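First residue of the sequence shown: 4, per the numbering used here; consecutive thereafter.
The structure appears below as structure tokens.
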Amino acid sequence: MEHRLNVCVCLDTDMSSVRIEVRGCVSMRNYKALLRLLARTKGLAADAQISLDLREADHLDSDVQNALGYTELGELADSSQPIRPAQPAAA
4 MEHRLNVCVC LDTDMSSVRI EVRGCVSMRN YKALLRLLAR TKGLAADAQI
54 SLDLREADHL DSDVQNALGY TELGELADSS QPIRPAQPAA A
């Protein structure tokens, strides 16, 4: 398995919402790169609702899930945070 992160950032034309589609292997090794991308995206569209779509990820480390605050519903544990991940695909 190739341990690379592949992302596509999808912005609405009015920049009210952003979806970040993640593919590849999401591990603690590339977790910081994902956080930097989220921060840059938030800087581009400060008022936008940001969704992190991990459904197409080949692999998602449980440590990353814990670090992101995943719940069984695929939402961040603290709903006041501006980033909302989508539910990952079942293995």
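Ideal Cβ placement from N, Cα and C applies to all residues, glycine included.
Since the model is a prediction, treat every value here as computed from it, not as a measurement.
Contact between Leu40 and Val10 holds, with the beta-carbon distance rounding to 6 Å and staying under 8 Å. Under the 10 Å beta carbon count, Cys13 is surrounded by fewer than 16 other beta carbons and is classified as exposed. Per DSSP, reduced to three states, the secondary structure at Arg22 is strand. In the three-state reduction of the DSSP assignment, Leu55 falls in the strand class. Leaving aside the five residues that flank Val25 on each side, the residues in its chain whose CB is nearer than 6 Å to its CB run, in chain order, Val10, Leu57 and Ala60.
Secondary structure of Asn33 (DSSP, three-state): coil. Rounded to whole angstroms, the gap between the alpha carbons of Asn69 and Leu47 is 26 Å. When secondary structure is reduced to three states using DSSP, Ala48 falls in the coil class, being assigned neither helix nor strand.
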